[in-house]
Structures are given as C-alpha cells and as structure tokens.
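Peer 1: Protein sequences appear in the order of chains A and B.
Under the numbering used here, read the first sequence as residues 4 to 339, first letter to last.
Under the numbering used here, read the second sequence as residues 4 to 339, first letter to last.
My questions all concern the structure below.
Protein chains: 2
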Amino acid sequence: MSVTIKDVSNHASVSIKTVSRVINNEKNVAEATKSKVLASIKKLGFKPNKSAQSLRSKRSYMIALLYDNPNKSYLADIQNGILQVCKKTGYNLVLQECDYEDKNLSNSIINFIEDFKIDGLVVTPPLSDMDDFLSNLEQANIHYSIIAPSTKKVSSPYVSSNDYDASYEMTEKIISLGHKKIGFVKGHAMHSASSLRFNGFINAMDDYSLNRNFDWIIQGDFSFESGFQAGEKIFSSSEHPTAIFASNDSMAAGVMKSAQMKKILIPEKLSIVGFDDSPTAEQVWPSLSTVKQPVIEMALHAAKLLIGEFDGLTEETVSKEFQSEIIIRESLKNLN
Amino acid sequence: MSVTIKDVSNHASVSIKTVSRVINNEKNVAEATKSKVLASIKKLGFKPNKSAQSLRSKRSYMIALLYDNPNKSYLADIQNGILQVCKKTGYNLVLQECDYEDKNLSNSIINFIEDFKIDGLVVTPPLSDMDDFLSNLEQANIHYSIIAPSTKKVSSPYVSSNDYDASYEMTEKIISLGHKKIGFVKGHAMHSASSLRFNGFINAMDDYSLNRNFDWIIQGDFSFESGFQAGEKIFSSSEHPTAIFASNDSMAAGVMKSAQMKKILIPEKLSIVGFDDSPTAEQVWPSLSTVKQPVIEMALHAAKLLIGEFDGLTEETVSKEFQSEIIIRESLKNLN
DNA sequence: TATAAAATAGATATCGTTGTCAAAGTATGT
DNA sequence: ACATACTTTGACAACGATATCTATTTTATA
C-alpha cells in the first residue's frame with residue numbers, strides 16, 4: 004500500500020536503520036550514503052508513518068495551543084501563525100481551551116499532555132502570566148513557549164511585544180496632536196499587558212508634565228461593556244477629556260458608543276484610541292486609531308521556538324520582542 | 004511507566020485480545036467478562052495508547068476542519084462546537100486551511116488525509132458548495148460532514164441553517180415596522196448562503212407587494228469594504244431607501260459607515276440590518292439588528308455526525324436544519 | 001606502524017495496540 | 001445423543017517506525 008522504510012532501504016541498498024538515521028537527521032551518516040538514501044526517499048515518495056514514529060519514540064508530533072481568551076480575532080491570528088510553522092515542520096496543532104481560574108488546571112493539562120504525548124505547548128495570555136502554572140509545567144518536564152509572558156524567564160523561550168513602548172508612543176502621539184486632557188481605560192487586571200499599557204500611558208503623561216485626572220482613569224476588563232461603562236463614568240465627571248486611550252479596541256468601541264449616545268462628536272469633541280487593531284477597529288465609525296501587534300508573526304516565532312526546542316531547527320531561534328505599529332485612523336483629531 | 008493492555012489483562016485474568024475487545028466495544032464478549040475487564044481498567048487507570056491504536060488500526064483519531072473563510076468569529080465558533088465533541092469522544096481536531104480557488108485542492112486534501120490518516124473532515128462554506136470537490140472526496144472514500152451545503156445530498160451528513168426563512172422573516176419584520184423602500188446588499192457569489200438570503204428577501208418583498216428597486220440591490224462580497232461601496236452606490240441614487248438589509252454584519256457596518264459619513268442619521272433616516280451576529284454587530288453604534296445562527300451548535304452536531312459515521316455514537320445523529328434567531332437592536336426603527 | 005578512538009552501518013528487539021485464525025464452550029435442532 | 005451453528009476466548013503475528021547493541025571501517029595519535 005504505502006511506502007515504508009523497508010522499501011526505501013531495499014531501493015537504496017542500505018539497512019533500515021540507516022534510512023531511519025537519515026530521516027531523523029542523526030549524525031554519523033556518510034554524505035554519500037545520505038544522499039543515496041534521500042534520492043530513494045524522493046523517488047519512492049516515502050513519508051514516515053507518524054503513528055509508528057510516535058509509538059516507538061514516544062512523541063506525537065503534535066503541539067497544543069493553550070488558551071483562555073475570548074478574543075476570537077486574536078486567537079485566530081495566533082492559530083494562523085502557529086499553523087504556518089506546523090505545515091512546514093510536519094507537526095499538528097491541537098487546540099486546548101482552559102479556564103485560568105480552574106484550581107486544578109496544572110494537573111489536567113499535565114494529564115492531557117501525557118495522554119496524548121503532546122510534544123509541547125504554546126501558552127497564551129492570560130495563562131502566560133500565571134507563574135505557578137508555568138513552573139508546574141516545568142517540573143513536569145513539559146516543553147512550552149510563551150506568548151507575552153509577564154516575567155521573561157531565561158529558562159523558557161518566549162515572544163513578547165513592546166506593549167509599554169507602544170503605549171508610550173501612542174500617548175506621545177496623542178499629546179503631539181495637542182491633547183492635554185487624556186483619559187485612559189485599563190485592561191483586565193489579570194493580563195500583564197494591562198499594566199504595561201497603563202504604565203506606558205502614565206509615564207508619557209508624566210514626561211510631558213500632563214496632569215493625571217483620576218476621574219478619567221477607569222478600570223476595565225477588555226470587554227465592550229466595560230468600555231461602555233468607563234465612558235459613562237468619564238462623561239459623568241464635571242470636565243471631559245479631549246481624548247481617551249483604551250487598552251483594547253473593544254473597550255474603545257464601548258467608549259465610543261457611550262460618547263455617541265451622548266452626542267459627543269468624534270473626533271471633533273473627543274478623540275478615541277484603542278489597542279490591538281481588531282476587525283472592529285476598522286468597522287466602527289469613525290474608524291479607530293490603534294496599535295497593531297504583529298500577532299501572526301509572534302505566534303509563528305513562538306511555534307518555531309517550541310519546535311526548535313526538541314527538533315533543533317537550523318534557523319536562529321531565540322526569544323524575541325516584536326515591535327508594534329501605531330495606526331492612525333479617523334478617531335484621532337489634530338487639535339493644533 | 005504507563006499502564007498497558009497487558010497489565011489490565013493480567014489483573015483481570017483474561018487475554019490481551021479480550022481487553023482490546025472491551026475497549027473497542029466489540030460484540031461477543033460475555034457480560035461478566037466485560038464488567039470484570041472494565042473494573043480492572045478503571046482500577047488501573049488504563050488509557051489506550053493512541054499511537055499504537057493508530058498504527059495497528061490505520062486510524063488517527065483525528066478529524067480535520069477544512070476552511071477558507073476570512074470570518075474569524077465564525078470560524079472560532081465552528082471550532083468551539085467541534086472541540087466540545089472532540090473532548091467527549093477522545094478525538095483531536097486538526098486545522099486545515101484551504102484555498103477554494105486552488106485547482107489542485109482535491110488532490111492536496113486527499114494527500115493530507117492519507118498522510119496523516121485523518122479519520123474524517125468537517126467542511127465549511129464556501130467549500131461546502133463545491134460539489135466537484137465533495138464528490139472527489141467521496142470517490143476517495145473519505146468521510147466528511149458538511150456545514151451549510153448548497154445541495155443537501157442524502158449521501159453525506161450535513162447541518163444547515165434556515166437562511167432562506169430567516170431572511171424572509173427579517174424582511175417581514177422590517178416591512179412590519181412600516182418600511183416600504185428597502186435596499187439589499189448581496190453576499191459573496193460563491194457562497195450558497197448569499198442566494199438563500201437574497202431569495203428570502205426578494206420573496207418577502209414580492210409577497211408584500213413591495214417594489215424592487217434595483218438601484219438599491221447591490222452585489223457585495225461579505226467584506227466591510229464591499230458594504231461601504233454598496234452604501235456609496237445606494238446613496239448616490241436619486242431616492243434613498245428607509246432601510247437596508249445586508250447579507251452579513253461586516254457589510255452592514257460598511258453601509259453604516261457610508262451613511263454616517265453622509266450624515267444620514269441611523270436609525271432615524273435609515274435603518275440597517277445585518278446577518279450573523281458577529282461581535283461587530285454589538286460594537287458599532289447604533290448596534291446592528293441581525294440574524295443569529297446557532298453556529299456553535301451546528302458545528303457540534305456536524306462533528307457528532309462525522310464521528311458517528313465511523314464510531315457509531317449512541318445518540319440520534321441525523322442531518323439537521325437549525326433555526327436562526329432574529330435579534331433586534333438599535334439600528335432598526337419603527338416607522339409606524 | 002601499531003593502536004586507540006571515532007565514524008559508519010547493520011541485526012534484531014521493541015513500542016502497545018489490533019487482526020487473524022483456530023479452539024473451546026454453549027445452545028439448537030433432529 | 002450427535003451434528004451444527006453460534007458465541008466466547010486466546011495465541012500469536014503484524015503494523016512501521018526507533019533503540020540498543022554489535023561489527024566493521026576510517027581516522028587520529030603516539
């Protein structure tokens with residue numbers, strides 16, 4: 004039926020084991036032998052049987068994506084990036100949804116890994132921030148790479164984005180357009196990105212000697228509804244800001260709705276800025292100025308890092324911080 | 004290390020093969036033997052090794068999701084539903100992105116299936132509409148279940164939604180609120196849902212003896228941009244409709260933007276209605292009235308159907324049409 | 001040149017299941 | 001009581017790779 008190692012070994016007149024060595028890029032195979040085997044493999048169209056490999060080598064050639072994130076668009080991008088690497092390397096991606104509040108999370112994940120012999124994990128926020136969980140994984144000897152960890156350990160590979168810098172720059176941009184009264188809607192307290200984004204804002208405000216008005220600094224949770232509530236609070240204060248920076252686009256849209264219902268013209272009377280460049284950012288009117296992280300590339304790199312851990316990819320595979328891009332759309336007005 | 008069949012067979016004092024029979028629910032095992040074995044399995048915490056099963060039985064215990072759909076939210080829901088079934092049945096989900104315009108699609112999918120010994124496919128729009136592709140799969144003896152097929156074959160299990168009826172009802176609803184001049188933005192021509200939705204609209208208009216104005220019936224492609232362009236066209240005609248029904252939410256948001264840029268008040272001067280209940284529908288202002296399909300449930304059922312094909316689930320598993328729900332939000336005004 | 005060390009290649013056991021086939025046990029019909 | 005069919009069970013091979021260990025050849029070192 005299908006071509007096996009044995010067929011290849013016959014065709015190339017070498018032993019089965021030698022073919023196996025070539026497949027697995029083991030050393031101590033003479034160049035001549037190697038190319039002879041590779042030629043036979045190509046000629047016969049041989050592809051190793053994953054199940055057999057897995058059975059014998061205790062590896063599944065599957066990696067799992069761990070997530071507890073309601074943001075569908077973010078997740079889709081993450082998947083996209085990982086899948087690109089999987090396709091190249093012959094791995095498969097398994098999705099594993101988690102509940103970050105589950106007290107038994109570590110155990111159930113460790114069980115899952117062992118049951119399916121999953122080779123490694125890509126961990127996304129907010130799980131990336133749970134240091135206990137991560138160290139449990141580590142103790143169980145599980146490979147993982149982290150997207151946007153709160154503390155950048157040397158021990159495990161990670162990718163991150165410059166949330167702080169991007170937030171600082173965006174705030175600078177808002178200030179440079181003449182805004183002095185700026186509000187801020189904070190993200191979900193469990194996400195480390197929230198504090199990074201907030202700190203970027205605050206530090207920029209300080210550096211430009213602008214006043215923090217705590218009536219305009221509201222705790223949100225990344226949801227549209229919380230953004231709307233933040234807007235309601237801000238607009239109930241005696242004075243209004245000229246700009247509001249929300250920690251993500253959903254909340255920015257919520258703020259926008261609140262303003263629009265109060266007939267506050269955007270961007271004439273109020274500028275609004277978001278973060279993430281979600282599909283909604285383009286589809287609301289006026290369209291949202293926002294910060295775009297290269298999510299797909301980040302996920303792609305995270306997958307490379309992970310697979311590199313046990314497969315030894317040839318490319319450079321080091322933990323890396325990615326640069327975000329500031330996108331100016333209609334919702335931000337120049338007051339100068 | 005881990006518990007094997009052999010351990011169970013020793014513990015239960017039966018042969019290895021008998022344990023295997025119990026695991027696989029084969030018949031011709033005496034009740035007494037069966038419960039003895041089950042007790043041992045439970046006691047020892049035995050779980051069959053997937054790789055070994057797969058190697059011997061030529062099944063992977065993986066199903067794949069085939070998609071070529073830029074709608075991240077739709078896809079996320081689909082995945083969600085399938086994953087729920089996978090978790091219960093012990094299958095894994097593999098993602099496979101396709102290009103529906105790829106002339107070689109059938110072959111590359113068939114190769115993929117054979118390489119990874121994928122047990123079956125869940126096919127989503129617009130691939131669901133490609134009858135050639137589907138019959139190629141059938142000839143290659145590949146199991147699949149279809150979400151929203153254009154032609155409901157008896158041969159393969161499917162799930163669908165009542166797009167036509169929902170569109171008809173929504174149109175009726177718009178009409179009942181006193182609208183007589185209604186525009187429509189059609190969806191991507193390749194999706195069979197597009198024509199169903201359009202026909203529902205047209206037939207309702209006819210049944211209520213309302214005029215079709217072809218200046219207000221615009222071909223879109225499900226993208227925000229095409230919705231915006233549709234708005235531009237409609238608003239450049241001599242007369243304006245009082246309501247516009249777009250075949251999905253992104254296009255509705257596009258129409259909305261076009262209107263808002265022209266200072267056409269929504270919903271006072273123009274009502275807008277979408278389809279899908281995407282996250283955007285809630286997050287724009289005014290929020291979009293729309294039609295919500297039970298996408299998660301549909302996907303869940305599709306997965307059950309598929310896995311039932313080769314695993315013989317106990318539950319009823321028949322192809323099924325799901326009912327959509329009409330959601331009225333701010334964007335639709337009562338003219339009466 | 002002798003000898004140790006390293007590189008290369010192969011024979012065979014093994015991973016943990018399911019498939020095949022034959023044997024033993026049980027029920028049914030005459 | 002015996003032939004026949006069906007149910008139940010088990011022994012052993014097989015799936016297609018990798019691991020281990022051994023044998024041979026090549027290279028390095030004294």
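Glycine residues also receive a C-beta, built at the ideal position from the N, C-alpha and C atoms.
Is B:PHE119 close to chain A, meaning its C-beta is less than 9 Å from at least one C-beta of that chain?
Peer 2: Answer yes: the Cβ-Cβ gap between B:PHE119 and chain A drops below 9 Å somewhere.
Peer 1: Between B:LYS260 and chain A, is there a C-beta pair that is closer than 9 Å?
Peer 2: Cβ-Cβ to chain A under 9 Å: yes for B:LYS260.
Peer 1: Quick one, which of A:ARG200, A:GLU285 and A:PRO51 has its alpha-carbon nearest B:ASP118's?
Peer 2: If we check each option's Cα against that of B:ASP118, A:PRO51 comes out closest.
Peer 1: Over the uninterrupted beta strand (DSSP E) stretch that includes B:LYS323, give me the two end residues.
Peer 2: 323–325
Peer 1: Can you tell me the Cβ-Cβ gap for B:PRO244 and B:ILE177, rounded? I've got them flagged as a contact below 8 Å.
Peer 2: Contact doesn't hold; Cβ gap of about 10 Å is too wide.
Peer 1: Take A:LEU303 as the anchor and find which of A:MET208, A:CYS89, A:ASN74 and A:HIS14 has the nearest alpha-carbon.
Peer 2: A:CYS89
Peer 1: Going by the beta-carbon positions, is the gap between B:LYS120 and B:SER23 smaller than 9 Å?
Peer 2: no
Peer 1: Rounding to the nearest angstrom, what Cα-Cα distance links B:GLY223 and B:PHE187 in this structure?
Peer 2: 10 Å
Peer 1: Excluding the five sequence neighbours on either side, which residues of its own chain have a C-beta within less than 6 Å of the C-beta of B:SER240, listed in chain order?
Peer 2: ASP218
Peer 1: Would a check of beta-carbon distances place A:ALA143 closer than 9 Å to chain B?
Peer 2: no
Peer 1: Could you check what DSSP says for A:ASN214 in three-state terms: helix, strand or coil?
Peer 2: coil
Peer 1: Taking 9 Å as the CB-CB limit, is B:MET65 close to chain A?
Peer 2: yes
Peer 1: Using the C-alpha atoms, what's the distance from A:GLU34 back to A:SER296?
Peer 2: Ser is not the amino acid found at residue 296 of chain A; the sequence shown has Gln there. Spanning the two alpha carbons is a distance of roughly 44 Å.
Peer 1: Less than 9 Å between the beta carbons of A:LYS189 and A:SER250, yes or no?
Peer 2: yes
Peer 1: Hey, does A:GLU355 have any beta-carbon neighbour from chain B nearer than 9 Å?
Peer 2: Only positions 4 to 339 of chain A appear in the structure, and residue 355 of chain A is not among them; the question remains open.
Peer 1: Quick one: give me the first and last residue of the alpha helix (DSSP H) that B:THR293 is part of.
Peer 2: Taken as a continuous stretch (DSSP letters only), B:THR293 belongs to no alpha helix (DSSP H), being part of the beta strand (DSSP E) at 293–295.
Peer 1: Which partner residues of A:SER163 appear in the DSSP bridge assignment?
Peer 2: Paired residue(s): A:GLU324.
Peer 1: Would you mind telling me which residues of chain B sit closer than 8 Å to A:PHE313, beta carbon to beta carbon, in chain order?
Peer 2: Under the 8 Å cutoff, chain B gives no residues; its nearest Cβ is about 16 Å from A:PHE313.
Peer 1: State yes or no: is the C-beta of A:LEU69 within less than 9 Å of the C-beta of A:LEU130?
Peer 2: yes
Peer 1: Just how far apart, CA to CA, sit A:TYR103 and A:ASP71?
Peer 2: 6 Å
Peer 1: Evaluate A:PRO152 with the Cβ neighbour count: other Cβ atoms within 10 Å of its Cβ, from every protein chain shown; 16 or more gives buried, anything less gives exposed.
Peer 2: Label assigned to A:PRO152: buried.
Peer 1: If the criterion is Cβ atoms closer than 9 Å, does the pair B:GLY203 and B:ASP252 meet it?
Peer 2: no
Peer 1: Does the distance from the CB of B:ASN246 to the CB of B:VAL287 come in under 9 Å?
Peer 2: For the record, residue 246 of chain B in the displayed sequence is Ala; it is not Asn. Cβ distance not < 9 Å, so B:ALA246 and B:VAL287 don't count as in contact.
Peer 1: Just the Cα atoms here: how many angstroms apart are B:PRO270 and B:SER292?
Peer 2: 11 Å
Peer 1: Establish whether the CB of B:ASN52 and some CB of chain A are separated by less than 9 Å.
Peer 2: Taking Cβ atoms only, chain A reaches closer than 9 Å to B:ASN52, which makes this a yes.
Peer 1: Compare the C-beta of A:PRO128 against all C-beta atoms of chain B and say whether one is closer than 9 Å.
Peer 2: no
Peer 1: Quickly, what does DSSP pair B:ASN95 with across the bridge? List them, please.
Peer 2: B:MET65
Peer 1: Who are the Cβ neighbours of A:SER327 in its own chain at under 7 Å, not counting the five residues just before and after it?
Peer 2: SER164, ASN165, ALA169, VAL294, LYS295 and GLN296
Peer 1: Listed from N- to C-terminal order along the chain, which residues in the segment 78–95 of chain B have their beta-carbon within a distance smaller than 7 Å of any beta-carbon of chain A?
Peer 2: LEU78, ALA79, GLN82, LEU86 and ASN95
Peer 1: Are the CB atoms of A:MET259 and A:GLY234 within a distance shorter than 9 Å?
Peer 2: yes
Peer 1: Within the 9 Å Cβ cut-off, does B:GLN222 reach chain A?
Peer 2: no
Peer 1: With 16 as the cutoff for other CB atoms within 10 Å, does B:ASP135 come out buried or exposed?
Peer 2: exposed
Peer 1: Quick one: give me the first and last residue of the alpha helix (DSSP H) that A:PHE227 is part of.
Peer 2: 227–239
Peer 1: Is A:VAL321 buried or exposed, if buried means 16 or more other CB atoms sit within 10 Å of its CB?
Peer 2: exposed
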